[in-house]
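Have a look at the structure below, then the notes.
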Ligand SMILES: C[S@@+](CC[C@H](N)C(=O)[O-])C[C@H]1O[C@@H](n2cnc3c(N)ncnc32)[C@H](O)[C@@H]1O
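In this note's numbering, the protein residues as written are 116 to 359.
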């Protein structure tokens, strides 16, 4: 299996999770991917987060999709439904440098579980370094594979899924795989949250075109609500989607 499919565990556990896989790759292999190394500023945490994020945007704008991480306001709105339903098992899709992650950890009870799915190995390293928390596991894999992870875990379903994935940048088959994975992992009554920049453009092809996520979400979830969060760059719609 490829290195990009290896699982990463949180602190005090081995960095590479042996749930699906045999052994840790040699150091050289682990660093042979195209993403640039994120330098360390141990005492300037926020600046480091911004720098880390921007450097990955310039390396691959189609998966990172923004030059700066989400604002705390946007993160609060994305995590609000998780608090409302008192979720204990949560999946995060595309944590990046962790603006949603920190609020999810604050919202979860001590016995909670957070499974993060992130394709960029630099962000995986960053999260493992910056969020030492026993409740959290960082998986270096696409969110579309979440059902496999849930099936192999002690939890057969999740109470909530929080996604920052740039769906409008993705080809329609990947978008479908991700949304059906989210719906499949959620328990009945569970909630899926997703944001989309207010510009709302479909950037999956050569020429951007207008893109409305709402009808697409309606195919996978029984109820979809949305509201605008202005205090973010750029402002963004937050979608709350419920499963019956
Ligand atoms: C718009 S950024 C959001 C980062 C962070 N959550 C925030 O709000 O600032 C999108 C993130 O999704 C990750 N990503 C892209 N495609 C993915 C996939 N198929 N599965 C999991 N993560 C993915 C990117 O590496 C990036 O970290």
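For glycine and all other residues, C-beta sits at the position ideal for the given N, C-alpha and C.
C-beta contact flag for residue 254 and residue 230 at 8 Å: yes
Is the beta carbon of residue 181 within less than 7 Å of some heavy atom of ligand 1? Answer for residue 181: yes, Cβ within range of ligand 1.
beta-carbon residue 214 near ligand 1 non-hydrogen atom, thresh 7 Å: yes
Please return the same chain residues whose Cβ sits closer than 7 Å to the Cβ of residue 295, not counting the five positions on each side in sequence. 335
Roughly how many whole angstroms lie between the Cα atoms of residue 320 and residue 225? 44 Å
Quick one: any contact between the segment 286-295 and the segment 187-198, if contact means 3 or more CB pairs under 8 Å? no
Residue nearest to residue 183 in terms of C-alpha spacing, selected from 317, 218, 347 and 228: 347
Does the distance between the C-beta of residue 280 and the nearest non-hydrogen atom of ligand 1 fall short of 7 Å? yes
Which residue wins for smallest C-alpha separation from residue 232, given the options 209, 279, 218 and 240? 209
Does ligand 1 have even one heavy atom less than 7 Å from the beta-carbon of residue 297? no
For residue 289, does the three-state DSSP call read helix, strand or coil? helix
What are the start and end residues of the alpha helix (DSSP H) that includes residue 194? 187-199
Straight-line gap, residue 94 to residue 304 (C-alpha atoms, nearest Å): As shown, the chain starts at 116 and ends at 359. That puts residue 94 outside it, with no answer to give.
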